[in-house]
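Numbering (this note's numbering), first residue to last: 844 to 1366. Quick reminder that beta carbons are idealized off the backbone N, C-alpha and C, glycines included. Working notes, beginning with the structure itself.
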């Protein structure tokens, strides 16, 4: 399961459903039920099925015949079910005045129903959406735990933590932690740490760095010759980790140190970090390639955000050398090493410290603010924006995109340096921000279909933090570091959304008496 963008493929994949596939084989000789239904309009069959208990549709009705099985997987059917069951349930639990002038929950539900029923949304897998909502309403769908490494190596903030795949170790997943600020001195770190989360001891090692100083000429070093923090790092499978911008502190060991008027600068450099696991000598290595890029190169910045769509890296906002906030959008095409500035209508206001993620080809941006050297954070906001990326970006100069602000109900109060990730049709926002000088411990998820924020239920929630790194592995999200100085790695396990396996889902609901029982238990 890829946590970031989808729980499973948007198309309904029968191969993921072992139980129902076995049921189909048992229907080969049972043609009577098929004959009775084939002459009926498919719309009528779907309408009748939609009035049944949702769990009976999957667990019982789908096993009657091959036709009913196909109907039970129909996306339009599950859209009707979601609109008739799930969305009214959300409205009953949380009145949504934004959708209705009356403030009446039934009127709000009807208004939202009308909006969603008229929209053409081909990318929504409504069955997955239904299962996600049921799962998220369970108190034990999210479970927290922690790992305590043997050293304080990962104690830092404003670093990056990136999930990578080691091709030399048969696709083994590891984490790459780059730079960050020391929790005690705020000095930018120069190290790169490789973490093996599958090892019982949470194994960490610091690889040797081979920096390319000219074509095919490398210099080995124990650490980077710069300290780096407030940058971004994005992994492109089969290529490596692309590191952009941030605050870069020139090391005393660097030959360019004396030529600079000050020690710390904001950067617009793009670097490629290629991980090579130990083979012959038992030593891990990082190939560091400062890239020569072309196109419209972004200005130097820090506290910006980035996200990946395909092989392209999108950069938004941040603050420049004078701490002036930015609201420009760039895309870096990793296959050509070319930068492109994307002109957009109705962009979010200039900001830094915001959160950004892509779900499919949609970019979401939340929160952020304006930093002042004297007043600290000013003009912080809890706005949520989205941008639909067109397939012609980079190929058609006439393509003009437009940001759209999503009006949400009960937006979270935390706004800066939060942890932001997506699971299926839901976006999660955890930690970050301050209230009366104290870090918040708020945890929310956004239903991207209804645009409603919900408090996240979970067991054994960790301490408050912000500026933490985030990595994903299977159904687990790892939170590394943070400005609270934590030495622990907090792990959020999404227990009941593992791959959205329908066979698991069936075994789960078969133990429940009814849909109502499950909803009452969760609500």
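Inset, instruction - Identify whether residue 901 lies in helix, strand or coil by the three-state DSSP scheme. - result: helix
Inset, instruction - Please confirm if the region 967 to 975 is in contact with the region 911 to 922, defined as three or more CB-CB distances below 8 Å between the two stretches. - result: yes
Inset, instruction - Take residue 1019 as the anchor and find which of 1027, 1004, 1033, 1028 has the nearest alpha-carbon. - result: 1004
Legend entry - Buried versus exposed, by CB contacts within 10 Å (16 or more), residue 985: When all chains shown are included, residue 985 counts as buried.
Inset, instruction - Specify, as a first and last residue, the run of the beta strand (DSSP E) that residue 1170 falls within. - result: 1168 to 1176
Legend entry - Proximity below 7 Å, CB of residue 1190 to CB of residue 1170: yes
Legend entry - CB contact flag (residue 1262, residue 987, <7 Å): no
Legend entry - Exposure label - residue 1150; buried when at least 16 CB within 10 Å: Using a 10 angstroms sphere on the CB of residue 1150, the tally of other CB atoms reaches 16 or more, which defines it as buried.
Legend entry - Given residue 1113 as reference, the closest of 1107, 1177, 1067 once Cα atoms are compared: It is 1177 whose Cα lies nearest to the Cα of residue 1113.
Legend entry - Nearest-angstrom beta carbon gap, residue 1183 and residue 1137 [assumed within contact, 8 Å]: Not really, about 10 Å apart at Cβ, beyond 8 Å.
Legend entry - Backbone CA spacing between residue 1260 and residue 1024 [nearest angstrom]: 14 Å
Inset, instruction - Can you have a look at residue 1000 and say buried or exposed, based on whether 16 or more other CB atoms are within 10 angstroms of its CB? - result: buried
Inset, instruction - In the DSSP assignment, find the unbroken alpha helix (DSSP H) run with residue 973 in it and report its ends. - result: 969 to 979
Legend entry - Burial state of residue 894, where buried means 16 or more other Cβ atoms lie within 10 Å: Exposed, because fewer than 16 other Cβ atoms sit within 10 Å of the Cβ of residue 894.
Legend entry - Inter-residue Cα distance where the pair is residue 1049 and residue 1127: Roughly 8 Å between the two C-alpha positions.
Inset, instruction - Could you give the DSSP three-state label for residue 1064: helix, strand or coil? - result: strand
Legend entry - Of the listed residues 1047, 1207, 1175, 897, nearest to residue 1265 (C-alpha basis): When only C-alpha atoms are compared, the closest one is 1207.
Inset, instruction - Compute the beta-carbon to beta-carbon distance between residue 1196 and residue 1146, rounded to the nearest angstrom, for a pair I have assumed lies under 8 Å. - result: Indeed they touch by this definition, with Cβ atoms about 5 Å apart.
Inset, instruction - For residue 1269, collect the residues of the same chain with a Cβ closer than 8 Å to its Cβ; drop the 5 residues on either side in sequence, then sort them by chain order. - result: 975, 979, 1288, 1289, 1290, 1291
Legend entry - Member of 1254, 1319, 1327 whose CA lies at the smallest distance from the CA of residue 1338: The option with the nearest alpha carbon to residue 1338 is 1319.
Inset, instruction - Report the rounded CA-to-CA distance for residue 1222 versus residue 1079, giving the unit in angstroms. - result: 34 Å
Legend entry - The beta strand (DSSP E) enclosing residue 1090, as first and last residue numbers: 1090 to 1093
Inset, instruction - Would you please state the rounded distance, in angstroms, between the beta carbons of residue 1322 and residue 1330? I believe it to be under 8 Å. - result: In fact, because the Cβ distance is near 12 Å, the residues do not count as touching under 8 Å.
Inset, instruction - Please determine, among 1043, 925, 1194, the residue with the shortest C-alpha to C-alpha distance to residue 1225. - result: 1194
Inset, instruction - Using only alpha-carbon positions, find the residue among 1072, 994, 923 that is nearest to residue 1044. - result: 994
Inset, instruction - For the alpha helix (DSSP H) containing residue 1048, list its first residue and its last residue. - result: Residue 1048 -> not in any alpha helix (DSSP H); beta strand (DSSP E) instead, spanning 1046 to 1048.
Legend entry - Sequence-distant residues of its chain with Cβ nearer than 8 Å to residue 1051 (five each side left out): 1063, 1064, 1065, 1126, 1127, 1128, 1129
Inset, instruction - Use the C-beta contact count for residue 897: other C-beta atoms within 10 angstroms, 16 or more gives buried, fewer gives exposed. - result: buried
Legend entry - Residues that residue 1133 bridges to, as DSSP identifies them: In the DSSP assignment, residue 1133 is bridged to 1114.
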